[in-house]
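Colleague: For any residue, its number in this note's numbering is found by taking its place in the sequence shown, counting from 1, and adding 3.
By construction, the Cβ of each residue, glycine as well, lies at the ideal position given by its N, Cα and C atoms.
Below you will find the structure I want to go over with you.
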Amino acid sequence: MSKLVNCAAAAIALSLTVAGAHAQGKYPTKPIRLLTPFAAGGGSDILARMIGPQVSAVFGQQVVVDNRPGAGGTLGAGIAARSDPDGYTLILVSGSYGANGALHDLPYDTVTGITPIILIGTTPLLVSVHPAVPIRSVKELIAHAKANPNKLNFGSAGVGGLDQLAAALFKLETGVEFTIIPYKGSAPVMTALLSGEVDSSFTSLVPGIPHVKAGRLRAIAVTTPKRSRALPDVPTIGETVPGFDVTHWYGMWGPKGIPREIVMRWNREVARVLNTDTMKSWLAREGLELAGGPPEEFFDRIRSDTAKWKKVVKEAKIVIPK
């Protein structure tokens, strides 16, 4: 009798394995939810809505973009991390995700508790000033801030945002003091900067470029190790402060445990979309450097950013208000 039970159990297990493999081979069989942890109109939302339809056309299933803003991006990320690892819930995040583990007490590990899929692209932040501010270079910015401690005002998109972290790192590496004023998002920061309500900011390159070209803002530097192709005449901070590097990025991940076959299928399809002429032209116009490598490349980026921001958060004593 026990042999019969064991044989039956083995047969059931085998049938489930075969059925599971068969179902996985058919992936996807239903719509896929692609979360973005910020409001509509931001960089991650725009990329999700550009990539989603093109992947949908290949998969034969709709990729539904679902905006879940809140708590500095941790609300949407938490939903993704807690989802079933079946490939039907993924998320497209930005560089601020690399700081989430340093800033928030989360129920999952932001590095090892997820399944990286692909690093989409990288871009610098732009250091710009209102034209009325008498600063034209990083060297002048440092000198002015040292001569006038805490009199310069830098707008940020909120406590714990990548722009605030970049400003905090700049203060740590140069020894200057200026006041960081948090706003509720990047759009209000840009409005404040354009009106002269704040003197300067570390902002996303994409919304800053039109204002720089129109003369409404003065570009001082970019935060990546290399100059941006979108603003080739604007120097890097690293040309004055050796080793300075804050790289903004976009990438996709899903909950921990997604089968490798599904991960690699998404990796291939997103890379294919990114390498179309239309997407490459758009990325270049927006100042995004194409990435599109294997999942391991994205994992390394998250791991290195997490380690960096943990150190900055501790040394700068950054605390998220309760």
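From what residue to what residue does the beta strand (DSSP E) around Phe157 run?
Modeller: Taking the first residue of the sequence shown as 1, we reach residue 157 at position 154. Asn156 to Ser159 is the span of the beta strand (DSSP E), which, as asked, contains Phe157.
Colleague: Mapping the DSSP letters down to three states, classify Asn70 as helix, strand or coil.
Modeller: Reading the sequence shown from its first residue, position 67 is the one you call residue 70. In this structure, Asn70 counts as strand in the three-state DSSP scheme.
Colleague: Who are the near neighbours of Asp87 in its chain, counting only those whose CB is closer than 8 Å to its CB and skipping five residues on each side?
Modeller: Walking along the sequence shown from the start, residue 87 turns up at place 84. So the qualifying residues of the chain are Pro258.
Colleague: How would you label Gly414, buried or exposed, when you count the other beta carbons within 10 angstroms and need 16 or more for buried?
Modeller: Since the first residue shown for the chain is 4 and the last is 325, residue 414 is missing from the structure and cannot be characterised.
Colleague: Helix, strand or coil for Val215, going by three-state DSSP, please let me know.
Modeller: Counting from one through the sequence shown, the residue named residue 215 turns up at place 212. Residue state, collapsed to three classes: helix.
Colleague: Quick one: is Pro119 buried, meaning 16 or more other Cβ sit within 10 Å of its Cβ, or exposed?
Modeller: Residue 119 sits at position 116 when you count from the first residue of the sequence shown. Pro119 comes out buried.
Colleague: Taking 8 Å as the cut-off, decide whether the C-beta atoms of Pro134 and Arg221 are in contact.
Modeller: Residue numbering aside, residue 134 sits at position 131 when the sequence shown is read from its first letter. Residue numbering aside, residue 221 sits at position 218 when the sequence shown is read from its first letter. Closer than 8 Å, so yes.
Colleague: Could you check what DSSP says for His25 in three-state terms: helix, strand or coil?
Modeller: The residue you call residue 25 lines up with position 22 of the sequence shown. Note that His25 scores 38 on pLDDT, short of 50, meaning its location in the model is unreliable and no value can be drawn from it.
Colleague: Do you know how far the Cα of Lys174 is from the Cα of Gly75?
Modeller: On the sequence shown, position 72 is the one that residue 75 refers to. On the sequence shown, position 171 is the one that residue 174 refers to. Taking the straight line from one Cα to the other gives about 22 Å.
Colleague: Pull up the CB-CB distance for Thr227 and Thr243, whole angstroms please, since I reckon it's below 8 Å.
Modeller: Here residue 227 refers to the residue found at position 224 when the sequence shown is read from its first residue. Here residue 243 refers to the residue found at position 240 when the sequence shown is read from its first residue. Between Thr243 and Thr227 the Cβ distance is about 14 Å, and since that is not below 8 Å, they are no contact.
Colleague: Flag this pair as touching only if the region 121–128 and the region 289–309 have three or more C-beta atom pairs under 8 Å; answer yes or no.
Modeller: Contact between the region 121–128 and the region 289–309 is present, because at least three Cβ pairs lie under 8 Å.
Colleague: What is the DSSP secondary structure of Arg288, counted as helix, strand or coil?
Modeller: The count along the sequence shown starts at 1 and reaches residue 288 at position 285. Residue state, collapsed to three classes: helix.
Colleague: Counting pairs of beta carbons, one from the region 254–268 and one from the region 137–157, are three or more of them closer than 8 Å?
Modeller: Verdict: no, contact absent.
Colleague: Closest by CA to Pro245, which one among Gln57, Leu172 and Pro324?
Modeller: By one-based count along the sequence shown, residue 245 stands at place 242. Nearest of Gln57, Leu172 and Pro324 to Pro245, Cα basis: Leu172.
Colleague: I'd like to confirm the pairing. Which residues does DSSP put opposite Thr77 in its beta bridges?
Modeller: The residue labelled residue 77 in the question sits at position 74 within the sequence shown. According to DSSP, which records beta bridges pairwise, Thr77 is partnered with nothing at all.
Colleague: Could you please give me the residues that DSSP links to Arg221 through a beta bridge?
Modeller: As a working note, residue 221 is residue 218 in the sequence shown. Beta-bridge pairing links Arg221 to Val132.
Colleague: So Gly254 is in the beta strand (DSSP E); what residue range does that whole segment cover?
Modeller: One-based indexing of the sequence shown puts residue 254 at position 251. Unbroken beta strand (DSSP E) run through Gly254: Thr250 to Pro258.
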